[in-house]
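One structure is given here, and the rest of the page talks about it.
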Amino acid sequence: MKILFLTPWYPDENKPNHGVFVREQACALAEHHLVVVISAKVDYESFGLSSYTVKESVFRKVKEFRLTIKRSLPLYNQWNYFLVSRKVALNVIQSFQPDVIHGNIGYPGGFWSWLVSKKSRKPYVITEHTFITNNFRSLVHRWLTLFAMKKAAAVITVSKKSAKEILKYVRANVRVIPNMVDVSRFSIQPYSDGAVSIGFIGRLTREHVKGLDVLLRALSHVKGDFVLHVAGDGGFISEYKRMVEQLQLQEKVKFHGFIDYEKIPTFLNRLHFFVNTSRFETFGISIVEAMASGLPVVCFDNGGPGDFVDASNGILVENQNEEKLKEGIAWMIANYQYFDRNQIREYVLSKFSKEKFVRSAEQVYSEVIGSSV
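Residue numbering for the sequence shown follows the numbering used here, starting at 3 and increasing by one per position.
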């Protein structure tokens, strides 16, 4: 089978972790099929009406085309994105001739996929990696997102919560295929002695999407010998450090900055348990990676985690409830060692392995290709 991925999210030298889960899915499929990925982004630092560059590379059997489009005139910029990305994709299709197009992200990936499918007559599916409403930046964005999903042969999403949200807005053939984790990257290591190490991974932005502000306030009321290890960077990191000082948590919080994707397993191996306090989470891949390391988790019931976090692997807390979060963390500090770490890891293997992802994706592709003949 020949599969063409179209995606606005994809790792590059400037953002090596950006959309890394898309690349991992492409690589998993490439172990059994021919896979080409075209990523497209706008370079807002450079100006050019229709200027762009394409860099070709190969990564673990995946042929990659990284399209960078220079910033254009304000009202023309988005349309130029689609004109150029469509042109590049159609050029690739001439030689590759895919059986199916797999678009990523409702906007712009979904509409881009429709444009390419319309001209090439190749069926397309869309994977929505975020909640659908995050695409609705304007009425135009909303309309293009819903149009692309309505026309798609299938819309894949990563959690039941996300699927329900999509069906509120559009009638579509929605399938749930959770994100995959390459469990072989992770291992169970003995717990270290000393203070209880709690892990957090997320971008540190002004919008507080990952909820570190809520976590810090909750921790300021938790007793015990613990240290929160924060992995991630962003424009708001200095403000978070000031917040740590204001809450007198200097001895309880350590900022590690950006951690490369390849080094995440090492970071997780130092922990006793993991915390996710995002305001919304379509899936929560960092949670599952922690579980692949045999770590119990404390998570807000913020979307995706509700599908897989239960009493056997952690605690699910009412979303954004600081008091409940404080209680959950305090309980976990006292009880993390009683969880069956091998059972937690085996659950990830049974539900989120790359083999399971590939089988699920193949089933959707086969149905889509068969119905288009």
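Think of the CB as a built atom: it goes at the ideal place given N, C-alpha and C, for glycine as much as any other residue.
Computed from a prediction, not measured in an experiment: that's the story for all the values here.
At a cut of 8 Å, does the stretch 213-222 reach the stretch 256-263 through at least three beta carbon pairs? no
Straight-line CA distance for LYS326 to ASP184? 32 Å
Same chain, Cβ closer than 7 Å to GLN252, five either side skipped, listed in chain order: Excluding residues within five positions, the ones whose Cβ falls inside 7 Å are VAL246.
Return helix, strand or coil for GLY184, following the three-state DSSP convention. Note on residue identity: the sequence assigns Asp, not Gly, to residue 184. In the structure shown, ASP184 sits in coil (DSSP, three-state: anything other than H, G, I, E or B).
Going residue by residue through the stretch 256-332, where are the continuous alpha helix (DSSP H) segments of at least 4 residues, counting only ones entirely within it? Inside the stretch 256-332, DSSP marks whole alpha helix (DSSP H) runs of 4 or more residues at positions 266-271 and 287-294, from first to last along the chain.
DSSP three-state assignment for VAL160, whether helix, strand or coil: Under the three-state reduction of DSSP output, VAL160 falls in the coil class, being neither helix nor strand.
Contacting residues, own chain, Cβ-Cβ under 8 Å from LYS121 (five flanking each side not counted): ARG88 and LEU92
Within 10 angstroms of its Cβ, does LEU51 collect 16 or more other Cβ (buried), or is it exposed? exposed
Which whole-angstrom value describes the C-beta separation of LEU297 and PHE275, a residue pair presumed to lie in contact below a C-beta threshold of 8 Å? 5 Å
Anyone know if the C-beta pair for ASN315 and TYR349 falls short of 8 Å? yes
Tell me which same chain residues have a C-beta within less than 6 Å of the C-beta of ARG144, skipping the five on either side of it? Cβ neighbours of ARG144 within its own chain (closer than 6 Å, five residues either side excluded): PHE138.
What three-state label does DSSP hand GLU33 in the structure shown? In the displayed model, GLU33 falls within coil according to three-state DSSP, outside both helix and strand.
Would DSSP call TYR367 helix, strand or coil? helix
Give me the residue from PRO125, VAL299, GLU47 and LYS356 with the minimum Cα distance to ILE95. PRO125
Run the CB neighbour count on ASN344, radius 10 Å, all protein chains shown included, and call it buried at 16 or more, exposed below. exposed
DSSP state of LEU351 mapped onto helix, strand, coil: helix
What are the partner residues of GLU382, as DSSP defines its beta bridges? With the chain running from 3 to 375 in the structure shown, residue 382 is simply not present.
On the DSSP bridge list, what partners appear for LYS4? LEU36
Ends of the alpha helix (DSSP H) at GLU253? Going by DSSP, GLU253 is part of no alpha helix (DSSP H) at all; its letter is neither H nor E.
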